[in-house]
Amino acid sequence: MLKKLFSLFGGNEEVPDSQALLAPMETFDKPKVKDIVRRWLLYIDAHETVPADIVALNFNLWEAVEENGDSCYTLELTGSRHYDAEDDDWACEEDFEPRERNCDNLQLSSRLPWEEVLKTLVEVLKELKGELQEISLFRVEHITAGFTDGELVVVK
């Protein structure tokens, strides 16, 4: 299955080393992050249809904590039927949840400054928005990104 998935997206057809996928990145490797997020978005686009009434998407960054106390930043995607530029709580109304809601392959060390993580992830999303204009995810009217309980940054 993974072999087929990688061939669909033009990547290496070898099954990735699961340990490499599970080890949090200690530095923000922008090209690697962009590739991981691109593959995730293309997978969602190939297997899901964004309902016509979804007007906003939010890329939510959150800190996952392991049983041993280690933590990492990871990313999830949800959509909403409404958007309010004055009230970020709109993102709590999750009217669209892709089956692959979480970008499981993206794990960033929580030792990275959260401001850097957010800023660079927004840059990655803006670049991908320009490069992947044809996918349904980027056709919604509003796109934001941000940490849980933090202010959202407008991507589109």
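Be aware that the sequence shown starts at 1450, since it is given in the numbering used here, and climbs by one per residue.
From the three backbone atoms N, C-alpha and C, an ideal C-beta is built for every residue, glycine too.
All figures in this text were calculated on a predicted structure; none of them were measured in a lab.
In this structure, how does DSSP classify T1527 when only helix, strand and coil are distinguished? Under the three-state reduction of DSSP, T1527 is assigned to strand.
* Hey, which unbroken runs of the alpha helix (DSSP H) at 4 residues or more fall wholly within the segment 1533-1571? -> Listed in chain order, nothing qualifies, since the segment 1533-1571 has no complete alpha helix (DSSP H) run of 4 or more residues.
*Do I1592 and D1494 have their CB atoms nearer than 9 Å?*
Here I1592 is not near D1494, since their CB atoms are 9 Å or more apart.
Is L1577 near the ligand GDP, going by C-beta to nearest heavy atom under 8 Å?
-> In the structure on display, the ligand GDP does not appear, and there are no ligands present to speak of.
**Prompt:** In its own chain, which residues sit with a C-beta less than 6 Å from the C-beta of L1506, not counting the 5 before and 5 after it?
**Reply:** Here L1506 has G1528, V1589, I1592 as same chain residues with Cβ atoms under 6 Å from its own Cβ, once five neighbours each way along the sequence are excluded.
* Asked: Would you call G1595 buried or exposed, if buried means 16 or more other Cβ atoms sit within 10 Å of its Cβ?
  -> The residue in question, G1595, is buried, as its Cβ has 16 or more Cβ neighbours within 10 Å.
Could you give the residue range of the alpha helix (DSSP H) that holds L1506? Element bounds for L1506: not the alpha helix (DSSP H) but the beta strand (DSSP E), 1505-1514.
**Asked** Under 9 Å, do L1524 and V1486 count as touching if we go by C-beta distance?
**Response** Yes, they are a contact pair.
- Rounded to whole angstroms, how far is the Cβ of F1508 from the Cβ of L1561, which I believe are closer than 8 Å? No, F1508 and L1561 are not in contact; Cβ-Cβ is about 17 Å, not under 8 Å.
Next item on the list: Please name the residue or residues paired with F1596 in a DSSP beta bridge.
Entry: Beta-bridge pairing links F1596 to L1510.
T1569 to I1503, Cα distance in whole Å? Going from the Cα of T1569 to the Cα of I1503 covers about 26 Å.
| Straight-line CA distance for E1572 to E1564? | Approximately 12 Å, taken between the alpha carbons.
Quick one: what's got a C-beta closer than 7 Å to E1549's C-beta in the same chain, skipping five residues either side?
Excluding sequence neighbours, E1549 sits near W1489, Y1492, I1493.
Using C-beta distances below 8 Å, list every residue in its chain close to W1539, excluding the 5 sequence neighbours before and after it, in chain order. Beyond the five residues adjoining it in sequence on each side, W1539 comes within less than 8 Å, by CB distance, of A1505, S1529, H1531, Y1532, D1533 in the same chain, given in chain order.
Among D1553, S1558, L1574, T1597, nearest to G1518 - alpha-carbon criterion: For G1518, the nearest C-alpha among the options comes from S1558.
Q) Name the DSSP bridge partner or partners of V1602? A) Its beta-bridge partners are A1594.
CB-CB length for V1602 against L1567, believed under 8 Å | That belief holds up - the Cβ atoms of V1602 and L1567 are roughly 7 Å apart, short of 8 Å.
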